[in-house]
Amino acid sequence: MKKALVYVTVILLFFAGGLYFSTEKSIEPKVTKKVKFALGTIIEFTIKDEEDSTADKAINEAYAEILRIDSIFTDYSEQSEIGKLNLEKPAFDTLSSEVYSLFVKSRELWLKTNGAFDITLGELVTLWGFKIKDAELVKEIVLPDKKEILDAVNRTGMSKIYLQAPDKIYLNGMKGQFDLGAIAKGYAVDKACEVLEKMGIKNYLVNAGGDVRGTGSEWVTGVQHPRQKDKLAVIVNINGSAIATSGDYEQFFEKDGVRYHHILNPKTGFPANDLMSVTVIAPDLTTADALATGFFVMGYKEAIKLADSLENVECYIIDASGQEHQSKGFYKYIRS
Ligand code: AMP
Ligand code: MG
Numbered sequence: 045m046k047k048a049l050v051y052v053t054v055i056l057l058f059f060a061g062g063l064y065f066s067t068e069k070s071i072e073p074k075v076t077k078k079v080k081f082a083l084g085t086i087i088e089f090t091i092k093d094e095e096d097s098t099a100d101k102a103i104n105e106a107y108a109e110i111l112r113i114d115s116i117f118t119d120y121s122e123q124s125e126i127g128k129l130n131l132e133k134p135a136f137d138t139l140s141s142e143v144y145s146l147f148v149k150s151r152e153l154w155l156k157t158n159g160a161f162d163i164t165l166g167e168l169v170t171l172w173g174f175k176i177k178d179a180e181l182v183k184e185i186v187l188p189d190k191k192e193i194l195d196a197v198n199r200t201g202m203s204k205i206y207l208q209a210p211d212k213i214y215l216n217g218m219k220g221q222f223d224l225g226a227i228a229k230g231y232a233v234d235k236a237c238e239v240l241e242k243m244g245i246k247n248y249l250v251n252a253g254g255d256v257r258g259t260g261s262e263w264v265t266g267v268q269h270p271r272q273k274d275k276l277a278v279i280v281n282i283n284g285s286a287i288a289t290s291g292d293y294e295q296f297f298e299k300d301g302v303r304y305h306h307i308l309n310p311k312t313g314f315p316a317n318d319l320m321s322v323t324v325i326a327p328d329l330t331t332a333d334a335l336a337t338g339f340f341v342m343g344y345k346e347a348i349k350l351a352d353s354l355e356n357v358e359c360y361i362i363d364a365s366g367q368e369h370q371s372k373g374f375y376k377y378i379r380s
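For the sequence shown, our numbering begins at 45 and goes up steadily by one.
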């Protein structure tokens, strides 16, 4: 008789946003893991309990879906739907149903976060120098001019655009640039998960540079400490939910002892500086990704109040002094 093998799989991965691993005791479990690149980050797919050929096919299709989403929402190309909108700035336009839906979702989250999450900040992100392509190198750090920032803030804002079902957008006075960098990654992973599920995959994890969605077993996720690269701030279990982290350590520069990073307060046009990192758990990664960014701008008191008012949304925050704060139900996810 064939001896049953009982073993433990431990997958350790360090990514921008943290450490991710899965532990499982089972009889001859199959684990297929593939690492790809998209959305400016490493995407790791892990599938358990499937034949390699089935898992490979599913991963290839899920990855193709991520590339498709990226080609629509990227603002680094003038050919994408967002790129064209930014270039042409029509008074009004007809959007594809997919872009329209994500704009509607973005508007909802803009309202919920009281304007902290805003997909119209592209011009400001460029002004601060956070829209450089891989090949470009910053030679000298020059802070943007305060007047330039104020002018860009005045041209910007979700309050200026109007969405009309089923697919119209009116830009009115919105002369800024759309930047879906704080939500599109989460959306792309959600769509990839949809593809996996349609193909019958039940036990999987998708990790896009630290933003993670996993289901089918206890997936254990470590959140990176914002100041100590090799240290975890907290370790949580997820199964059937998503987790995203926004931090001031992901893209930043320092000048005269001040840290300037890529998460901007839409009201001031300056980097939000009350927090170091925000982790959000939500049923889907689109919501978790956007709320992590929005919460970062809101500060911990408002963010926790909002998380506590939303169903199945929890957050874990480290403020600028290194103090930890969490929403009421976050403890349920912490791995002891
Ligand atoms: P994330 O890493 O998900 O927090 O997204 C940060 C990215 O979203 C930045 O690199 C900007 O492109 C964009 N962004 C910055 N500030 C905001 C904001 N307040 N609301 C929405 N998007 C933002
Ligand atoms: Mg985000």
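Where a beta carbon is used, it is the ideal one built from N, C-alpha and C, also for glycine.
1) Can you determine whether any heavy atom of the ligand MG sits closer than 7 Å to the C-beta of ILE227, and answer yes or no?
2) Please identify the residue among GLU262, ASP318 and ASP333 whose C-alpha is closest to the C-alpha of SER290.
3) Any idea if PHE81 is buried or exposed, counting beta-carbon neighbours within 10 angstroms, 16 or more meaning buried?
4) Suppose only complete runs of 3+ residues qualify. What are the beta strand (DSSP E) ranges in the segment 324–375, listed by chain order?
5) Taking 7 Å as the cut-off, is the beta-carbon of ASP333 closer than that to any non-hydrogen atom of the ligand MG?
6) Using a Cβ-Cβ cut-off of 7 Å (strictly less than) and excluding sequence neighbours within five positions of ARG151, which residues of its own chain qualify?
7) Near ALA226, which residues of its chain fall below 7 Å by C-beta distance, leaving aside the five closest residues on each side in sequence?
8) When DSSP labels each residue in this structure, what does TRP172 get in the three-state scheme?
9) Under 6 Å Cβ to Cβ from GLY366, same chain only, skipping five residues before and after it: list those, please.
10) Can you tell me whether PHE89 is buried or exposed, with buried defined as 16 or more other CB within 10 angstroms of its CB?
11) Can you tell which of PHE314, ASP137, LYS191 and ALA326 has the C-alpha that lies nearest to the C-alpha of TYR214?
12) Please classify SER97 as buried or exposed, where buried requires at least 16 neighbouring CB atoms within 10 angstroms.
13) Would MET243 and ALA108 be called neighbours here (beta carbons separated by less than 8 Å)?
14) Say the cut is 7 Å; is the CB of ASP162 nearer than that to a heavy atom of the ligand AMP?
15) Exposed or buried, PRO270, counting other C-beta atoms within 10 Å across all chains shown (16 or more means buried)?
16) Determine, using beta carbons only, whether GLN221 and GLY173 come nearer to each other than 8 Å.
17) Report the residue from ILE193, PHE297 and THR330 whose alpha carbon sits nearest the alpha carbon of VAL148.
18) Would you mind giving the Cβ-Cβ distance between ALA364 and LEU319, rounded to the nearest angstrom? I have them listed as a contact below 8 Å.
19) So does THR337 have its beta carbon nearer than 7 Å to some heavy atom of the ligand GTP?
20) By the 10 Å Cβ neighbour count, where 16 or more other Cβ atoms means buried, how is VAL79 classified, buried or exposed?
21) Rounded to the nearest angstrom, what separates VAL264 and GLU294 at their Cα positions?
22) Going by CA-CA distance only, name the one from PRO73, THR170, LYS74 and LEU83 that's closest to ALA236.
23) Mapping DSSP to helix, strand and coil, what is MET218?
24) For ALA288, verify whether its CB is less than 7 Å away from any heavy atom of the ligand MG.
25) Using a Cβ-Cβ cutoff of less than 8 Å, which residues in the same chain neighbour LEU194 once the five nearest sequence positions on both sides are dropped?
26) Please report the distance separating the alpha-carbon of ALA48 from that of ARG303.
27) Quick one: is the Cβ of ILE307 within less than 7 Å of any heavy atom of the ligand AMP?
28) Have a look at VAL186, SER380 and ALA286 and flag the residue whose alpha-carbon is nearest the alpha-carbon of ALA277.
29) Would you say VAL169 touches the ligand AMP, meaning its beta carbon is less than 7 Å from a heavy atom?
30) Alpha carbon to alpha carbon, what distance is there between TRP154 and VAL233?
The short version:
1) yes
2) ASP333
3) exposed
4) 358–363 and 368–370
5) yes
6) Counting only Cβ-Cβ distances below 7 Å, and skipping sequence neighbours, we find MET202 and LEU207.
7) Contacts found: PHE161, ASP333, ALA334 and THR337.
8) TRP172: coil per DSSP, three-state reduction.
9) Hits under 6 Å: none found.
10) buried
11) ASP137
12) exposed
13) no
14) Because some heavy atom of the ligand AMP lies under 7 Å away, the Cβ of ASP162 counts as near it: yes.
15) buried
16) The answer is no: Cβ separation not under 8 Å.
17) THR330
18) 6 Å
19) With respect to small molecules bound, the structure shown includes the ligand AMP and the ligand MG and not the ligand GTP.
20) exposed
21) 22 Å
22) Per the Cα distances, LEU83.
23) coil
24) True, at least one ligand heavy atom lies under 7 Å from that Cβ.
25) GLY313
26) Because the pLDDT of ALA48 is 30, which lies under 50, any placement of that residue in the model is unreliable, and the number read from its coordinates should be weighed accordingly. About 55 Å.
27) yes
28) SER380
29) yes
30) 21 Å
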